[in-house]
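Note that UniProt numbering numbers the sequence shown so that position 528 is 528, with each residue one more than the last. In this text, a Cβ means the ideal position worked out from N, Cα and C, and glycines have one as well. One structure is given here, and the rest of the page talks about it.
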Amino acid sequence: MRCALEQIKKYVRAANYLSAAQIYLINNFLLKKTLDFQDIKPRLLGHWGTCPGINFIYAHLNFLIKKHRVPTIFILGPGHGFAALQANLFMEGTLKTYYPQATHDYVGIEYLIKNFSWPYGFPSHSNPGAPGVILEGGELGYSLATAYGAVLDNPGTLIACVVGDGEAETGPSATAWHLNKFIDPTKNGVVLPILHLNGYKISGPTIFGRMTNKELKSLFYGYGYEPFIVEGGAIYKKMLITLETCYQHIDALRKNDKNIRPPMIILKTPKGWTGIKKLHGQKIEGNCLAHQVVVTHAKTDRSELQALENWLHSYQFNTLFDEKKGFIDDITSLIPENTLCMGANKHTYADPELVNKLLLPNLNGMTEDIIHPGSMGASSMRFAGAYLAELIKLNQTNRNFRMFSPDETYSNKLDKVFEETTRANLQAQKAWDKDISVDGRVIEMLSEHSLQGLMQGYVLTGRHALFASYEAFIQIVSSMVDQYMKFLHVSRQFPWRGELPSLNYILTSSGWRQEHNGFSHQNPGFISNILQKNGDYGRVYFPPDANSTLFVLEKCFQSRNKVNVIVAGKTFEPCWLTPEQAKIELEQGLMIWDFASDPHPDIVLAGVGDYVSLEALAAIRLIRQETPAVKIRFVNIIELSALGLGYSHSLTEEQFDTFFTGDKPIIFNFHGYPAVLQQLLFPYGNTKRFYIHGYVENGSTTTPFDMHIRNRTSRWHLALEVFSLMAQRGVIETKVVMRLNKKYKKKFMEHTRYIKQYGVDPDEIAKWQWSGE
């Protein structure tokens, strides 16, 4: 053990030097001469405080990996400690695999250090350009959930997940500790959480840093772990012994030893360990002042420059590295063989050999044959549930598909899946529990953050997933999805990162039919978030009926490197399209519905979303009854992206005009916020002819139709706008409009009186059906 400890200590010294040097040096990388101002970078960027602990952990993990030949993924929660991770990737040689300049000689050292936090060099945080990285860790809180997602259906894999004690204060981290209760270690990989407790955040102490050891052990024991605290003197020896103990516990868990709890490590080291102890009379090491850049004026202040030089010399890097031969044997002997290096784990960059294709159901026999539009009805979510059940059945052997939902699989009418699987849960089961087992393919937890993290970890390691949620509450993870889309964007710059399955969402229980739960449940903001992101990553689908929902699901599961959002209701609604028509509309992204359209239209109505499309169709029936002279075209839009309308790429203005005419007014009835659709329509010519209706933040506990009235998406509002526009264009007389305005103003008042008295919409609304001509 003594020999191993000396090797690890030397490794950590080298890694600490490289971590600090990356932050400060632009010349004189091996300190061959006295450090001078011109050797210091003009902008000092990076975070030193967490780096020594990361290097300490990485070195000990290398010893464990080499000893047991265990495939391991390293997930770094405090991504601001990237200088440390980059140093380790350089030392193990993985960086050179993808960046040939990162050689173990002077040229490689120069390349590593100079390019850190440098324009068009390496970023300051973990990023997709770093081998082995599946989490950026810039926005804190997601490391542990991502780690648990990555071990799902990944038996034999160990994930060492470093959670910073600042990160551990976040809500997502707090709930993610419970994920050990959903993952069977006999059929999946295992996560070893390492709480990196250095006691401080940017400007003050962490909560965990001021807790006693008894409190810490009690907390994590309550979470279901066996916590091991590593601190104090002989800390290298303690860490080596603790890691070995944890590995033996993990091995026992894999063999289904019920007496063993999953282990976790609480590592207590000083903030900025081994760095400058004091500066200008202030405590640095072991204080929040070590968090980021310590000697901030090293380029202009001689005393700070001297402090930096003394600090860097303390690592005696010249005894650990030769500018021609590279690292000494004591260091290289600690590094695992190439395929076992943590930066080289194939799961972390979606190696095509490891990404099993998802077997998709045959839609023949699953769709509904429609004889007349609107004559039959179905629930889009019931159809989706049947599709997902078959999908799970087809992929039972491959074990490469998971569903995630915050306790809403039943509520969202997707429970058909429980004919083929269950909900995973390792806790004690009661006789009356339903659809729960140790190895279910569905994970339900009332933490959207944890579910999002699970899905990201699962997909980023090459598997397929679906997240089903109430529309209003998926907003909780909007920022996480933003971060994921950034990861996708950057990943495309690196050809060695494989094609990833897409993140797929079903948003149902939409605000239009959350009239019973009220205003808090009415929020289409997630759609806005996706559609406002620049780039070709986000797709939002609005299938108008059950048949089209099936084709959208199929397309989403076939796609790669996307974030797909399916917005569809769960209530029993009319079926409008035959399977053939649904397929054509999806291929185009939109379609003229001939059954509801006239030739040579005076005006165009467009629906984007199932409930608002129904209102638009009901408006067309009213308009034809009230003003037969008005010729109308109806266009249904099934797909939107940040690039505009239509499939894959936005429509050109010429293509747009083939659907919407070149000069007629267009009234859009949109599922979400009008401003979002408005920005997508901006490129399409004369925007003055666009009239957009949508959700305008008016809601309550009321009736379904009253939701449309409150937000001006009702058939009556649409019809009144058509009447007004047609009078302006001379298609109908002004006196006709005045009469109709009076008539429908009265209907609005009558409707309000009716629902106040009876609590439901009148039959003319609730039982309305399309009747063809």
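Please check the pair L192 and I229, which I expect to be a contact at CB under 8 Å, by giving their CB distance rounded to whole angstroms.
By one-based count along the sequence shown, residue 192 stands at place 192. By one-based count along the sequence shown, residue 229 stands at place 229. That belief does not hold up - the Cβ atoms of L192 and I229 are roughly 15 Å apart, past 8 Å.
Which class does Q22 belong to by DSSP, given the choice of helix, strand or coil?
Indexing the sequence shown from 1 puts residue 22 at position 22. If DSSP states are grouped into helix, strand and coil, Q22 belongs with the helices.
Indicate the three-state DSSP secondary structure (helix, strand or coil) for H68 in the structure shown.
For the purposes of this step, residue 68 is identified with residue 68 of the sequence shown, where counting begins at 1. DSSP places H68 in helix when its eight states are reduced to three.
Could you check where the alpha helix (DSSP H) with C246 kicks off and where it finishes?
Position 246 of the sequence shown, counted from the start, is the residue given in the question as residue 246. Run containing C246: 235 to 254, per the alpha helix (DSSP H) assignment.
Under the assumption that L312 contacts L31 (Cβ atoms under 8 Å), give the Cβ distance between them as a whole number of angstroms.
Numbered from its first residue, the sequence shown carries residue 312 at position 312. Numbered from its first residue, the sequence shown carries residue 31 at position 31. L312 to L31, Cβ: 6 Å. Contact.
Span of the beta strand (DSSP E) holding M403?
Taking the first residue of the sequence shown as position 1, residue 403 is located at position 403. Boundaries of the beta strand (DSSP E) harbouring M403: 401 to 405, taken from the DSSP string.
Separation of L720 from V737, as counted between CA atoms
The residue labelled residue 737 in the question sits at position 737 within the sequence shown. The residue labelled residue 720 in the question sits at position 720 within the sequence shown. Cα to Cα, V737 sits roughly 8 Å from L720.
Which residues in the same chain have their Cβ closer than 6 Å to the Cβ of G440, if we skip the five residues on either side of it in sequence?
Reading the sequence shown from its first residue, position 440 is the one you call residue 440. Taking G440 as the centre and dropping the five residues before and after it, the same chain places the C-beta of T421, T422, R423, A424 closer than 6 Å to its C-beta, in chain order.
Kindly confirm or deny that the segment 450 to 467 and the segment 309 to 326 touch, where touching means at least three C-beta pairs closer than 8 Å.
Fewer than three pairs of CB atoms, one per stretch, sit closer than 8 Å, so the segment 450 to 467 makes no contact with the segment 309 to 326.
Looking only at C-alpha atoms, which of G164, E515, L550, L725 sits nearest to L605?
As a first step, residue 605 is located in the sequence shown; it is residue number 605 there, counting from the start. Per the C-alpha coordinates, the member of G164, E515, L550, L725 positioned closest to L605 is L725.
Closest to P262 by CA distance: which of G275, T245, K268, L651 is it?
Looking up residue 262 in the sequence shown gives position 262. Answer by Cα proximity: T245.
Let me know the secondary structure DSSP gives Q282 once reduced to three states.
Against the sequence shown, residue 282 aligns to sequence position 282. Of the three classes helix, strand and coil, the one that applies to Q282 here is strand, per DSSP.
Pull up the distance between the alpha-carbon of P119 and that of E471, whole angstroms please.
Within the sequence shown, numbered from 1, the residue matching residue 119 stands at position 119. Within the sequence shown, numbered from 1, the residue matching residue 471 stands at position 471. For P119 and E471, the distance between alpha carbons rounds to 40 Å.
Just to confirm, are S126 and G156 a CB contact at a threshold of 8 Å?
For this step, residue 126 is matched to residue 126 along the sequence shown. For this step, residue 156 is matched to residue 156 along the sequence shown. At least 8 Å separates the beta-carbon of S126 from that of G156.
For L64 and K237, believed in contact at Cβ under 8 Å, the rounded distance:
As a first step, residue 237 is located in the sequence shown; it is residue number 237 there, counting from the start. As a first step, residue 64 is located in the sequence shown; it is residue number 64 there, counting from the start. The C-beta separation of K237 from L64 comes to about 14 Å, leaving the pair out of contact by the 8 Å criterion.
What are the boundary residues of the beta strand (DSSP E) that includes Q150?
Numbered from its first residue, the sequence shown carries residue 150 at position 150. The amino acid occupying residue 150 in the given sequence is Ala; Gln does not appear at that position. No beta strand (DSSP E) holds A150; the alpha helix (DSSP H) holding it covers 143 to 151.
Between the CA atoms of G730 and H600 - distance to the nearest angstrom:
Here residue 600 corresponds to residue number 600 of the sequence shown, with the count starting at 1. Here residue 730 corresponds to residue number 730 of the sequence shown, with the count starting at 1. H600 and G730 have their C-alpha atoms roughly 16 Å apart.
Give the straight-line distance between the Cα atoms of I603 and I632, rounded to the nearest whole angstrom.
For the purposes of this step, residue 603 is identified with residue 603 of the sequence shown, where counting begins at 1. For the purposes of this step, residue 632 is identified with residue 632 of the sequence shown, where counting begins at 1. Answer to the nearest angstrom: the Cα atoms are 5 Å apart.
So what does Y691 bridge to, in DSSP terms?
Here residue 691 is taken as the residue at index 691 of the sequence shown, counted from 1. DSSP lists I667 as partners of Y691.
Can you tell me whether V696 is buried or exposed, with buried defined as 16 or more other CB within 10 angstroms of its CB?
Looking up residue 696 in the sequence shown gives position 696. Exposed, since its Cβ has fewer than 16 Cβ neighbours within 10 Å.
With a threshold of 8 Å, are at least 3 pairs of Cβ atoms found where one atom belongs to the segment 108 to 119 and the other to the segment 151 to 165?
No contact exists between the segment 108 to 119 and the segment 151 to 165.
Looking only at its own chain, which residues have a Cβ that is under 7 Å from the Cβ of E231, when we skip the five neighbours before and after it?
Looking up residue 231 in the sequence shown gives position 231. These residues qualify, in order along the chain: K268.
Ranges of the alpha helix (DSSP H) found wholly within the segment 548 to 630, counting only runs of at least 4
Listed in chain order, they are 579 to 588, 610 to 626.
Starting from K268, follow its DSSP beta bridges and name the residues at the other end.
The count along the sequence shown starts at 1 and reaches residue 268 at position 268. Per DSSP, L197.
Nearest to S509 (by Cα), restricted to the options N318, A727, F473, L553:
Taking the first residue of the sequence shown as position 1, residue 509 is located at position 509. A check of alpha carbon separations from S509 across N318, A727, F473, L553 identifies F473 as the nearest.
By a C-beta neighbour count over all protein chains shown, 10 Å radius and 16 as the cutoff for buried, is Q625 buried or exposed?
Locating residue 625 in the sequence shown gives position 625, counting from the first residue. An exposed status is given to Q625, since fewer than 16 other beta-carbon atoms sit within 10 Å of its beta-carbon.
Please report how far the alpha carbon of G538 lies from the alpha carbon of T319, in whole angstroms.
If you number the sequence shown from 1, residue 538 lands on position 538. If you number the sequence shown from 1, residue 319 lands on position 319. Going by the C-alpha atoms only, they are around 51 Å apart.
Other residues of its chain near P270: CB distance less than 7 Å, five sequence neighbours each side excluded:
Locating residue 270 in the sequence shown gives position 270, counting from the first residue. Answer for P270: N198, E285, G286, listed in chain order.
What residue does the alpha helix (DSSP H) around G171 start on, and which one ends it?
By one-based count along the sequence shown, residue 171 stands at place 171. Here the alpha helix (DSSP H) through G171 covers 171 to 176.
Count the other C-beta atoms from every protein chain shown that fall within 10 angstroms of the C-beta of G141, then say buried if there are 16 or more, exposed otherwise.
Sequence index remark: in the sequence shown, residue 141 carries index 141 (1-based). By the neighbour-count rule (16 or more Cβ atoms within 10 Å), G141 is buried.
State the DSSP-derived secondary structure class of H464, mapped to helix, strand or coil.
The residue labelled residue 464 in the question sits at position 464 within the sequence shown. H464: strand per DSSP, three-state reduction.
Per DSSP, P100 forms a beta bridge with which residues?
Mapped onto the sequence shown, residue 100 falls at position 100. In the DSSP assignment, P100 forms no beta bridge with any residue.
Where does T296 fall in DSSP's three states?
The residue given as residue 296 occupies position 296 in the sequence shown. Looking at T296 - three-state DSSP - the assignment turns out to be coil, as it is neither helix nor strand.
On the CB-based measure, 16 or more other CB atoms within 10 Å of its CB, does I501 come out buried or exposed?
In the sequence shown, counting from the first residue as 1, residue 501 sits at position 501. According to the sequence shown, residue 501 is Pro rather than Ile. Buried is the call here.
Do C575 and M445 have their C-beta atoms within less than 8 Å of each other?
The residue labelled residue 575 in the question sits at position 575 within the sequence shown. The residue labelled residue 445 in the question sits at position 445 within the sequence shown. Against a cut-off of 8 Å, the Cβ pair of M445 and C575 comes out as no contact.
Per DSSP, which one or two residues make a beta bridge with V230?
To locate residue 230, count along the sequence shown from 1; it is residue 230. Bridge partners of V230 according to DSSP: L267.
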